[in-house]
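Data block below; observations after.
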Amino acid sequence: MNTTYKRLGWSLLALALLAGCNGKDNQPHVPVTTYVKADWQALPNVSDTDLQAGFASWRSACARLKNDAIWATTCSAASNVPATPTAIRAFLQQNLEVYGLRSAQNSADGLITGYYEPVYPGSLARTDKATVPVYGVPDDLIIVQLDSLYPELKGKRLRGRLEGRVVKPYDDAALIATQGVKAPVLAWLTDPMDLQFLQIQGSGRIRLDDGRQVRIGYADQNGHPYRAIGRWLVDQGELKKEDVTMGTIGAWAKAHPTRIPELLGSNPSYVFFARNPDSNEGPRGSLNVPLTAGYSVAVDRKVIPLGSLLWLSTTRPDGTPLVRPVAAQDTGGAIAGEVRADLFWGTGDAAGQLAGDMKQKGNIWMLWPKGMALPQVPQTGS
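Numbers -19 to -1, 1 to 363, taken from mature numbering (1 follows the signal peptide of the UniProt record, and there is no 0), label the letters of the sequence shown in order.
Structure, rendered in structure tokens:
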């Protein structure tokens, strides 16, 4: 899911722009995770308001989980739970068990970042100002599911285009930017940096001159690996590693407009989008349900299966406690690790301010259905 700048936006993107992880691509990190059984009394207290909101966020995905081997029974039982704190607490304790997440070093501490849905100015037609196309999925993009032949490659895809009878790699970002692709143009943006941040984010809104907003979301990708533009700036001696944020990257781009194609060309990955229905709901995450501001998180699905109910204990960027149940409803390539979550803050600049400043230490407990086997997490690092 996972854009504007640090102090103006999104700290996760600064991490991604240094780490070289694409918001929707395969994650190179292999976690080494331990689940430690805990008593309910070990969970930090939450307010009734947060309990109700977090439970409602999790239950909103039950329509998607009604046939899930892990969550179907629990979701069925949850449908009749009154929306009162007493009833919710009783349901949770009757149906779920508590497991604390631990890292390879047996630490309960992890990293909690934030993300949001940005809004960028643009147009449905090319104008003098709006000249940057937002492409849909190209007509000639071919996707091969490798696990159909090699089960050990579950989740791996090969993307390319057919030339004669041979599948060749698809164009990289630099070539697409200069030559275009055979794809519908969904909208036009006014700034190429907005497109880059939108591609990393994976979804957003385009604000038209008449005030209307067009919603778009990730549809596919060109198959090239993501390479961090923040890392490129460091390698070029333009920024120090410790200074890389979305703000400093944006400032560099404004100061060096003629070098923006070179900057963006250093990242061969390119994301294609789809038009999403107009709605006041949150963007849809990887579970294909609307995200709830403050109560949906993106996770490393190798550690935390989508649909899971989590108990999160961290702080806001200003240091005040943030403790609440949250729903694992999204994923992202920069969200990799044993104790790791990315909290969705909502839409627009205010949410972007919170998300951009969020890079906190935190603890995560997984509330898991009783009698169900725990996730099988790889136990060797990469």
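Note that the Cβ used here is the ideal one computed from N, Cα and C, for glycine as well.
Asked: Contact check, residue 206 vs residue 250, beta carbons under 8 angstroms; Found: yes
Asked: Contact under 8 angstroms by Cβ, residue 114 with residue 166; Found: yes
Asked: Endpoints, beta strand (DSSP E) assigned at residue 172; Found: Taken as a continuous stretch (DSSP letters only), residue 172 belongs to no beta strand (DSSP E), as it is neither H nor E.
Asked: Inside the region 69 to 134 only - beta strand (DSSP E) runs reaching at least 3 residues; Found: 77 to 83, 91 to 98, 100 to 104, 113 to 116, 123 to 126
Asked: Cβ contact check for the region 83 to 92 and the region 64 to 71: 3 or more pairs under 8 angstroms; Found: no
Asked: Buried or exposed by the 16-neighbour rule on C-beta atoms within 10 Å, applied to residue 260; Found: exposed
Asked: Residues that DSSP places opposite residue 150 in a beta bridge; Found: 141
Asked: Residues near residue 328 by beta carbon distance below 6 angstroms, same chain, minus five either side; Found: 98
Asked: Limits of the beta strand (DSSP E) - the one that residue 212 falls within; Found: That residue, residue 212, is in no beta strand (DSSP E); its alpha helix (DSSP H) goes 210 to 216.
Asked: Coil, strand or helix - residue 345 by DSSP; Found: strand
Asked: In DSSP terms, what residue 306 is bridged to; Found: 292
Asked: Cβ-Cβ distance between residue 146 and residue 122 below 8 angstroms; Found: no
Asked: Three-state secondary structure assigned by DSSP to residue 333; Found: helix
Asked: Given residue 208 as reference, the closest of 325, 227, 173, 154 once Cα atoms are compared; Found: 154
Asked: Straight-line Cα distance separating residue 183 from residue 150; Found: 22 angstroms
Asked: Coil, strand or helix - residue 3 by DSSP; Found: Legend: pLDDT at residue 3 = 36, less than 50; position of this residue unreliable, no value from coordinates given.
Asked: Sequence ranges, beta strand (DSSP E) only - wholly within the region 242 to 266, length at least 3; Found: 252 to 257
Asked: Bridge partners - residue 13, DSSP secondary structure assignment; Found: Bridge partners of residue 13: none, in fact.
Asked: Residue from 357, 354, 346 whose Cα sits closest to the Cα of residue 20; Found: 346
Asked: Nonlocal neighbours in the same chain, by C-beta distance under 8 angstroms from residue 58, ignoring five residues either side; Found: 72, 76
Asked: Inter-residue CB distance, residue 287 and residue 272 (contact presumed, cutoff 8 angstroms); Found: The Cβ separation is near 12 angstroms, so there is no contact.
Asked: Distance between residue 253 and residue 117 (C-alpha atoms, nearest Å); Found: 5 angstroms
Asked: Distance, residue 85 Cα to residue 39 Cα; Found: 28 angstroms
Asked: Cβ distance (whole Å) where residue 279 is taken to contact residue 311 below 8 angstroms; Found: 4 angstroms
Asked: Proximity below 8 angstroms, CB of residue 170 to CB of residue 101; Found: yes
Asked: Distance, residue 294 Cα to residue 132 Cα; Found: 37 angstroms
Asked: Contacting residues, own chain, Cβ-Cβ under 6 angstroms from residue 105 (five flanking each side not counted); Found: 168
Asked: Best match in 232, 265, 138, 203 for proximity to residue 161 [C-alpha to C-alpha]; Found: 203
Asked: Reduced DSSP secondary structure (H/G/I, E/B, other) of residue 286; Found: coil
Asked: Backbone CA spacing between residue 159 and residue 319 [nearest angstrom]; Found: 40 angstroms
Asked: Best match in 332, 108, 343, 348 for proximity to residue 322 [C-alpha to C-alpha]; Found: 343
Asked: Spatial distance of residue 24 from residue 17 (CA atoms); Found: 13 angstroms
Asked: Through-space distance from residue 349 to residue 36, alpha-carbon basis; Found: 14 angstroms
Asked: Separation of residue 173 from residue 277, as counted between CA atoms; Found: 29 angstroms
Asked: Which of helix, strand or coil DSSP assigns to residue 196; Found: strand
Asked: Spatial distance of residue 163 from residue 289 (CA atoms); Found: 39 angstroms
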